[in-house]
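Numbering (this note's numbering), first residue to last: 2 to 307. Note that beta-carbon positions come from the ideal geometry of N, C-alpha and C, so glycine has one too.
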């Protein structure tokens, strides 16, 4: 019979306790590696608004931030909701940051399993396997992601609503939310003035910059990212935000409910002290505060009509 000394057993117990303590001292957050100005990976580190928010929350919890980077893909059969759930359900992280807080994207998903997105350290086997999905619980919102109208050089028309787009040459990416909003506005009042581009190619703002179009409706963060890459741009923000937007926050599994309560308190403290605008400015992002309620209703066709 193999004999194990008391000292060896004690050492194993202490080692296990130290590992548990280190795990409790770390806040593990999944972040998309290429969504400027929200989160961008640089080697082993990263930058962006969501990175800064996750770090600020971790500090208020007395923890060290550990980021699990993953890659999202623009594909018709991909789902960012299922990808986030798979990462959490597989234990890759405790929270996913920069998550849209809408009812359809929370709770128990209709699908029972999903494939993992490509994440740092994933093997070919990891990319093939499916993960049993859990129930998603949101944190408080910490900012809002709106849609805005961007104007081409030389266009000075004030934009206070979609009605002001009538008579302008519009450009949009096909099969996107903003495309649906423009196409259904007033039963197609703008249809004859819309040119569609293929999504995912990064052509929208460069085409608007070159001329031939007057305006585009797009997510505000995309314009922020474009201005960061092209500080000399003559494109102009209209200052108009469409009423449809998404409050953004963290999401975790229901088994992490105690942690999410702590995160809520940290977000509340950061909101109360006005910390988020400064973090956004440093990340090159236009900060828009969240609107109540934190979790918005699911979108319907009638909701898209202004």
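{"Check": "Suppose the cutoff is 6 Å on Cβ atoms and the five residues either side in sequence are ignored; what does the same chain contact list for residue 210 look like?", "Outcome": "236"}
{"Check": "What are the start and end residues of the beta strand (DSSP E) that includes residue 69?", "Outcome": "65-72"}
{"Check": "Buried or exposed: where does residue 132 fall if 16 or more other Cβ atoms within 10 Å of its Cβ makes it buried?", "Outcome": "buried"}
{"Check": "Distance check for residue 203 and residue 225, CA to CA, integer angstroms please.", "Outcome": "14 Å"}
{"Check": "Quick one, are the C-beta atoms of residue 88 and residue 110 less than 7 Å apart?", "Outcome": "no"}
{"Check": "Relative to the C-alpha of residue 212, which candidate in 169, 192, 185, 193 has its C-alpha closest?", "Outcome": "169"}
{"Check": "Evaluate contact between the stretch 258-272 and the stretch 44-51, counting only Cβ atoms and requiring at least three cross-stretch pairs below 8 Å.", "Outcome": "no"}
{"Check": "Starting from residue 283, follow the alpha helix (DSSP H) in both directions and report where the run begins and ends.", "Outcome": "276-283"}
{"Check": "Which residues does DSSP list as the beta-bridge partners of residue 35?", "Outcome": "41"}
{"Check": "At a cut of 8 Å, does the stretch 279-289 reach the stretch 140-158 through at least three beta carbon pairs?", "Outcome": "yes"}
{"Check": "Using 7 Å as the threshold, is the C-beta distance between residue 38 and residue 285 below it?", "Outcome": "yes"}
{"Check": "Closest to residue 216 by CA distance: which of 254, 233, 197 is it?", "Outcome": "197"}
{"Check": "Just grab the DSSP bridge partners of residue 291 for me.", "Outcome": "Beta-bridge pairing links residue 291 to no other residue."}
{"Check": "Please tell me whether residue 166 and residue 173 are closer than 7 Å, where the distance is taken between their beta carbons.", "Outcome": "no"}
{"Check": "With DSSP collapsed to three states, give me the class of residue 107.", "Outcome": "coil"}
{"Check": "Compare the beta carbon distance of residue 82 and residue 108 with 7 Å and say whether it is the shorter of the two.", "Outcome": "no"}
{"Check": "Using CA atoms only, rank isn't needed, just tell me which of 233, 195, 179, 249 is closest to residue 243.", "Outcome": "179"}
{"Check": "Please name the residue, chosen from 70, 116, 115, that lies closest to residue 95 on a Cα-to-Cα basis.", "Outcome": "70"}
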